[in-house]
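J.:
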Amino acid sequence: IVKLAKQNNKTIRCAAQGHCVSSLSCTDNYLVIVTDLNQVTVQEDPKYGWTVTAEAGTQLLKLDDVLRNHNPPLTLDSETVYDTFRVSGVISVGAHGAKTSSGIMSDQVCSMKIVTASGDVVEFSEEIDKSEFNAAKVNLGLLGIIYSVTFRVQPMYNLRMTDALYRANEWLKPQNIKNLLESSDGIEIYYFPLSGGFNPKASNPLDLNPDTLLVLNWERTNDSVTLPPQVLEQTRQTEVGEINNQYLTIPSYLTSNPSLTPSITGTLSNVNNGG
């Protein structure tokens, strides 16, 4: 494909799952879909203990399954919320996976191979050239076609998730956030404007003082998982379906009914928070 592009004076862009909302994969020239590059191998490493090499089109679902079923079970230190993303897309845009104890998924890369404009397969790593490696980890597709990515991994561990609701104007303070960051493996904070209720007849209908925050945090634990695997998987599938439905239906409805935004955001918050 690289040779053909040269012969025809064309450029090449790549796409994996197509989740990116920007125009990174848009082109009038050649578009390479990398989804057939999906092999995964696990290997012991003298520096990192264990590493896993995934070809560019590998879904994170498959990558996670390979690591989970390995002996011993392994895991990336942090991943994405959605397991349909593919390795090259997540890495090249520098998105997803940030936790309080580690960086994004690109920070867990220890080497990668890219097909350059010359048609050569070039390996990048910190040992070969640290500066070039840092550029390659988040390259936005500018250096060539990602062929494979090698991540450092670690033994599988359990996390306990805790969620709580707080009044936004009372809890959202620097010290509270700092304490949570220092005591957690990861956190998420969700805020829906007007979640405290919307009364168009009130003297100040847009009052944000009653609003609430949904705060989630994860801590490592040696305790066993509280739900059987089948129940856990069914719960996850149900939650993913509900989230996808919200993303698809609510924005389109708000576009045609903007005046209902306060009421809808308040209702949505109550539904998501179990109210």
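Position 132, counted from 1, in the sequence shown is what the UniProt record's numbering calls 132; the numbers after and before it change by one each time, with no gaps.
The C-beta atom is built at its ideal place from N, Cα and C for all residues, glycine as well.
1. Please work out which residues of its chain come closer than 6 Å, Cβ to Cβ, to THR53, disregarding the five sequence neighbours upstream and downstream, and give them in chain order.
2. For GLU219, which residues does DSSP report across the bridge?
3. Would the beta-carbon of GLU239 fall within 7 Å of that of ARG160?
4. Give, in chain order, every unbroken run of the alpha helix (DSSP H) that is at least 4 residues long and sits entirely within the UniProt domain "FAD-binding PCMH-type" (1–156).
5. Going straight from the alpha carbon of LYS137 to that of MET112, what length do you get?
6. To the nearest whole angstrom, what separates the beta carbons of ILE187 and LEU216, a pair I think is in contact under 8 Å?
7. Suppose you measure from the CA of GLU170 to the CA of ASP120; what does that come to, to the nearest Å?
8. I think ILE114 touches GLY144, with their Cβ atoms under 8 Å apart; what is that distance to the nearest whole Å?
9. Thinking C-alpha only, which one of LYS47, SER263, GLN230 is nearest GLU126?
10. Leaving out five residues on either side along the sequence, give the residues of the same chain with a beta carbon under 6 Å from the beta carbon of THR162.
11. Please report how far the alpha carbon of THR11 lies from the alpha carbon of VAL34, in whole angstroms.
12. Just mark GLY141 as buried or exposed, buried being the case when its beta carbon has 16 or more other beta carbons within 10 Å.
13. Give me whichever residues DSSP pairs with GLY186 in a beta bridge.
14. If distances are taken between C-alpha atoms only, which option among THR84, GLU44, VAL87 comes closest to HIS70?
15. Count the other C-beta atoms from every protein chain shown that fall within 10 angstroms of the C-beta of ASP185, then say buried if there are 16 or more, exposed otherwise.
16. Please say whether GLN17 and GLY89 have beta carbons closer to each other than 7 Å?
17. State the Cα-Cα distance for the pair LEU172 and LEU194, rounded to the nearest angstrom.
18. What did DSSP end up calling THR255 once you bin it into helix, strand or coil?
19. Could you tell me the boundaries of the alpha helix (DSSP H) in which ASN169 lies?
20. Are the CB atoms of GLY94 and SER106 within a distance shorter than 7 Å?
21. Find out if the Cβ-Cβ distance for the pair ASP28, LEU61 is shorter than 7 Å.
22. For GLY97, which residues from the same chain have a beta carbon less than 7 Å from its beta carbon, with the 5 sequence-adjacent residues on both sides left out?
23. By alpha-carbon positions, which one of GLN7, ALA135, PRO72 ends up nearest to GLN154?
24. Going by Cα to Cα distance, which pick from ILE264, ASN158, PRO229 is closest to ASN199?
T.: This is what the structure gives:
1. Result list for THR53: THR41, SER148, THR150, in chain order.
2. Answer is ARG160.
3. Between GLU239 and ARG160, the gap from beta carbon to beta carbon reaches 7 Å or more.
4. As far as the UniProt domain "FAD-binding PCMH-type" (1–156) is concerned, its whole alpha helix (DSSP H) runs of at least 4 residues are 2–7, 60–68, 87–92, 130–137.
5. If you draw a straight line from the Cα of LYS137 to the Cα of MET112, it comes to about 8 Å.
6. Contact flag correct, Cβ pair sits at about 7 Å.
7. Spanning the alpha carbons of GLU170 and ASP120 requires a straight line of approximately 58 Å.
8. The pair is a contact, with the Cβ atoms about 4 Å apart (cut-off 8 Å).
9. Residue LYS47 holds the alpha-carbon nearest to the alpha-carbon of GLU126 among LYS47, SER263, GLN230.
10. Cβ within range, chain order: ASN217.
11. Taken atom to atom, the span from the alpha-carbon of THR11 to that of VAL34 is near 16 Å.
12. When all chains shown are included, GLY141 counts as buried.
13. DSSP, once it has assigned bridges, lists TRP218 as partnering GLY186.
14. HIS70 has its Cα closest to that of GLU44, out of THR84, GLU44, VAL87.
15. ASP185 comes out buried.
16. With contacts defined by Cβ atoms closer than 7 Å, GLY89 and GLN17 form a contacting pair.
17. For the pair LEU172 and LEU194, the Cα-to-Cα distance works out to about 16 Å.
18. Helix, per DSSP.
19. Segment 168–171, the alpha helix (DSSP H) holding ASN169.
20. Annotated as proximal: SER106 and GLY94, with beta-carbon spacing under 7 Å.
21. Not in contact: ASP28 and LEU61 (Cβ atoms no closer than 7 Å).
22. Cβ within range, chain order: SER78, GLU79, THR80, ILE104, MET105.
23. The shortest Cα separation from GLN154 among GLN7, ALA135, PRO72 belongs to PRO72.
24. Ranking the options by Cα distance to ASN199, first place goes to ILE264.
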